[in-house]
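Below: one structure, written as structure tokens.
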Amino acid sequence: MADSKEMGTDAEPIEEVKLNKRDSLVLKDLLEKRLSECGWRQNIEELIRKTVQERGNISHEQLAAEIVPHARAMVPDVVRKEMILRVRAALEEPLPVKKD
533 MADSKEMGTD AEPIEEVKLN KRDSLVLKDL LEKRLSECGW RQNIEELIRK TVQERGNISH
593 EQLAAEIVPH ARAMVPDVVR KEMILRVRAA LEEPLPVKKD
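In the numbering used here, the protein residues as written are 533 to 632.
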């Protein structure tokens with residue numbers, strides 16, 4: 533049997549990197565703002581209304597299972613790319629503290 537070096541599994545484990553709570557909240561707020569600005573939120577609300585109207589009595593879990601994949605696919609590329617860049621930047625260096 534081949535050892536781990538031959539199989540290519542001896543790579544160093546990737547260090548787990550997490551955002552701090554403040555950065556997570558800032559990024560979440562930004563995402564919500566961008567999705568609202570581009571009309572994504574309104575489109576999803578309409579999709580939910582349509583699904584409930586067509587299916588009638590549907591559980592929250594069933595509705596989520598049906599809507600979530602479509603909702604994720606409908607996120608505009610520009611928003612997706614911006615958020616990726618912002619998350620990477622926040623992981624490299626914490627976001628500046630906003631002074632009121």
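For glycine and all other residues, C-beta sits at the position ideal for the given N, C-alpha and C.
Taking every protein chain shown into account, the CB of L623 has fewer than 16 other CB atoms within 10 angstroms, so this residue is exposed.
Within 10 angstroms of the beta-carbon of R566 lie 16 or more other beta-carbons, which makes it buried. Here the C-alpha atom of Q594 lies approximately 33 Å from the C-alpha atom of N552. The segment 575-582 and the segment 601-608 touch, with no fewer than 3 CB-CB distances between them shorter than 8 Å.
Within the same chain, Cβ atoms closer than 8 Å to the Cβ of M615 are found at L559, L562, L563, R566, the five residues on either side in sequence being excluded. Closest by C-alpha distance to G571, out of V611, D555, L617, is V611. For K553, the uninterrupted alpha helix (DSSP H) segment begins and ends at 553-569.
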